[in-house]
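In the working numbering, the protein residues as written are 41 to 118.
Every residue gets a Cβ at the ideal spot worked out from N, C-alpha and C, and that includes glycine.
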């Protein structure tokens, strides 16, 4: 599974995407595939790498939609 650590994030990048509080060993032992893609999308967004950001989001379209809606929207069935 591809993770942010395959892309050599800097301490500042880890801080910017909210992953600086997790020790590497803890992160890797608790990581699921969806979270890995989300963290990758955040890392690529922070770097301004639109191509790789889009690639990461393509693996988690529902999570992408939630993120861009702000996680605070309400879906009402009609």
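Distance, residue j Cα to residue i Cα
i	j	result
residue 42	residue 89	16 Å
residue 87	residue 70	25 Å
residue 52	residue 66	19 Å
Selected residue, minimal CA-CA separation from residue i, among the options
i	options	result
residue 49	110, 82 and 108	82
residue 68	58, 56 and 44	44
residue 74	105, 100, 107 and 106	100
CB contact flag (residue i, residue j, <7 Å)
i	j	result
residue 54	residue 60	yes
residue 78	residue 103	yes
residue 11	residue 94	Given a span of 41 to 118 for the chain in the structure shown, any question on residue 11 remains unanswerable.
Residues of its chain near residue i, where Cβ-Cβ distance is below 7 Å and the 5 sequence neighbours each way are ignored
i	result
residue 92	84
residue 98	none
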